[in-house]
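Under the working numbering, think of the first position of the sequence shown as 100, with each following residue one higher. Built from N, CA and C at the ideal position, the CB exists for glycine as well. Here's the structure, in structure tokens; my notes come after.
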Amino acid sequence: MAYRIIGADFSDFIAKPAGNQPLADQDAISRFDYQTPKGDIRFKGQALSERLAIVEGTYRMHDEVTIAGKGETGLLEIQINLSDADIHFQDKAKVANVTPAQSANIAFLSADENEANILFRKDVVYHTFDIHLPATLLDRYAGESNMLDGFLARMHRDESCKLSAHHIGITPAIHNVIQDIRGCAFEGLTRRIFLESKAYELIALLYESAENRRDAYPLTPADQERIHVAAELIRQNVEQPLTIHQLAREVGINQTKLKMGFKAVFGNTVFGYLQDIRMHQAKRCLLDTRLSVQEIGMLVGYQSTSNFSAAFKKTFGYPPGKLRAPAAR
100 MAYRIIGADF SDFIAKPAGN QPLADQDAIS RFDYQTPKGD IRFKGQALSE RLAIVEGTYR
160 MHDEVTIAGK GETGLLEIQI NLSDADIHFQ DKAKVANVTP AQSANIAFLS ADENEANILF
220 RKDVVYHTFD IHLPATLLDR YAGESNMLDG FLARMHRDES CKLSAHHIGI TPAIHNVIQD
280 IRGCAFEGLT RRIFLESKAY ELIALLYESA ENRRDAYPLT PADQERIHVA AELIRQNVEQ
340 PLTIHQLARE VGINQTKLKM GFKAVFGNTV FGYLQDIRMH QAKRCLLDTR LSVQEIGMLV
400 GYQSTSNFSA AFKKTFGYPP GKLRAPAAR
């Protein structure tokens, strides 16, 4: 059985809110945790300024559930599906669409078409990460890119559209910016400036991925899912990385398809993806913990501190010790 939740009965669906935590206004953060007979929904919202906000959602349903949503105005947003599963939905015209797992795009939804029926499958955990942007934000770049100009022209005609006709895979750089946003410890104006700069960084990375997209290596939907699982295994095993052979065996794909498919989906080699994740994790540890350089090197999979320092310097242009006070090294 499947449920369809629309505006009139959404309050019945949200039968038992648990742990709703709107924080102080100056933090511009609100959290909502709804535990219901049909499933659990969690939201975290951060309003940075008028028409600029970060919205995260986590959904896990006990049955197949279709949620119908509708906005009252047009919307320009960065859309990111952080789930390991595709998100299926129907637009206003009842056309079936899918947002693949671990993919992103920049999308404009006109006021007339800002609605969709979204299907959440039973016992699947969905994670979404969206940044709502001012509708005129990208106008300042008009005339600098044929791809962007085409996107802006459709926006100005009030047509729903996306920056890239193809879904953009979540590269390590995109993943790392999302982690920076989630882990931001600044407060007040510093926090707002930092998060706004990260929103711009995401726009730049998504544009770069869309602009430099090469002809895709042919992958079936099942193969793409396996590639995404492989990426998750890499992120989970930074300290003791799996070999190409082990990754291929774990996800049930041959090594050639894994390597070629990884490059097609993420624009990076398997090792390059691992290195990007390692170095960003190391940098965060250097800034946010009191662990020594040697301990951090081991944490990200380096037995040799000199090898770790050399890799870090190659990535960032300076040695890891430069980020630490002398006593913490």
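Can you list, in chain order, the residues of its chain whose CB lies under 6 Å from that of residue i, leaving out five sequence neighbours each side?
{"i": "K77", "result": "A question about residue 77 goes unanswered here, because the residues of the chain that appear run from 100 up to 428."}
{"i": "H226", "result": "T157, L181 and S182"}
{"i": "L318", "result": "G360"}
{"i": "Q278", "result": "none"}
{"i": "I186", "result": "N180 and T198"}
{"i": "E258", "result": "none"}
{"i": "R150", "result": "P233"}
{"i": "K169", "result": "E214"}
{"i": "R253", "result": "C260"}
When we look at the beta-carbon of residue i and count the other beta-carbons within 10 Å, is it buried (16 or more) or exposed?
{"i": "Q46", "result": "Given a span of 100 to 428 for the chain in the structure shown, any question on residue 46 remains unanswerable."}
{"i": "I292", "result": "exposed"}
{"i": "L288", "result": "exposed"}
{"i": "S403", "result": "exposed"}
{"i": "Q125", "result": "Low confidence applies here, because Q125 scores a pLDDT of 41, under 50, leaving its location unreliable; read the following figure in that light. So Q125 ends up on the exposed side."}
{"i": "G360", "result": "buried"}
{"i": "V364", "result": "buried"}
{"i": "L218", "result": "buried"}
{"i": "N204", "result": "buried"}
{"i": "E324", "result": "buried"}
{"i": "F370", "result": "exposed"}
{"i": "V194", "result": "exposed"}
{"i": "H255", "result": "exposed"}
{"i": "H327", "result": "buried"}
{"i": "Q145", "result": "buried"}
{"i": "A321", "result": "exposed"}
{"i": "H266", "result": "buried"}
{"i": "E155", "result": "buried"}
{"i": "Q339", "result": "exposed"}
{"i": "A410", "result": "buried"}
{"i": "M311", "result": "It is worth fixing the name first, because residue 311 is Asn in this sequence and not Met. By the 10 Å Cβ count, N311 comes out exposed."}
{"i": "S148", "result": "exposed"}
{"i": "F285", "result": "exposed"}
{"i": "V55", "result": "Outside the displayed range of the chain (100 to 428) lies residue 55, so it cannot be described from this structure."}
{"i": "Q120", "result": "Note that Q120 scores 49 on pLDDT, short of 50, meaning its location in the model is unreliable and no value can be drawn from it."}
{"i": "G268", "result": "buried"}
{"i": "S308", "result": "buried"}
Within its chain, find whatever has a CB closer than 8 Å to the CB of residue i; leave out the 5 residues flanking it on each side and keep chain order.
{"i": "F415", "result": "M378 and K382"}
{"i": "A114", "result": "Note that A114 has pLDDT 42, beneath the 50 cutoff, so the model's placement of it is unreliable and the number below is only indicative. The answer, listed in chain order, is T135 and P136."}
{"i": "A123", "result": "Residue placement at A123 is poorly supported in this model, since its pLDDT is 38, which falls under 50; the coordinates still yield a value, given next. Once the five neighbours on either side are set aside, A123 has no close Cβ partner at all."}
{"i": "R423", "result": "L385 and V392"}
{"i": "V276", "result": "K297, E300, L301 and L304"}
{"i": "I376", "result": "P271, H274, N275, I333, R334 and V337"}
{"i": "L341", "result": "L332, I333 and E349"}
{"i": "D222", "result": "R159, M160 and H161"}
{"i": "I343", "result": "Q354, L357, K358 and V369"}
{"i": "G282", "result": "R383 and D387"}
{"i": "N367", "result": "T270, P271, F361 and D375"}
{"i": "S244", "result": "Y306 and E310"}
{"i": "S408", "result": "V392, G396, P418, P419 and G420"}
Considering only residues of the same chain and omitting the five flanking positions on each side of residue i, which have a CB-CB separation below 7 Å?
{"i": "I280", "result": "I153, L294 and K297"}
{"i": "Y240", "result": "L247"}
{"i": "A347", "result": "N353, Q354 and L357"}
{"i": "L237", "result": "L247 and L251"}
{"i": "A206", "result": "E176, Q178 and K261"}
{"i": "S209", "result": "G173, D257, E258 and S259"}
{"i": "A330", "result": "Q201, F365 and Y372"}
{"i": "G351", "result": "R325"}
{"i": "G242", "result": "D248"}
What does DSSP give as the partner residue(s) for residue i in the beta ladder?
{"i": "R159", "result": "D139 and V224"}
{"i": "V197", "result": "H187"}
{"i": "K169", "result": "E214"}
{"i": "H231", "result": "A152 and E176"}
{"i": "L208", "result": "L174"}
{"i": "A203", "result": "I179 and I267"}
Quick check: does the Cβ of residue i come within less than 7 Å of any heavy atom belonging to the ligand HEM?
{"i": "M254", "result": "In the structure on display, the ligand HEM does not appear, and there are no ligands present to speak of."}
*asked:* Using 8 Å as the cut-off, can you tell me whether the segment 187-206 makes contact with the segment 139-150, which would need three or more C-beta pairs spanning the two stretches below that distance?
replied: no
*Can we say the segment 173-192 touches the segment 228-242, given the rule of at least three CB pairs closer than 8 Å?*
yes
*Unbroken stretches of the alpha helix (DSSP H), 4 residues or longer, contained in the segment 324-362*: 343-350
*Is the segment 298-309 in contact with the segment 325-339, if contact means three or more CB pairs nearer than 8 Å?*
no
*Let me know the alpha helix (DSSP H) ranges lying completely inside the segment 250-282, each 4 residues or longer, listed in chain order.*
271-281
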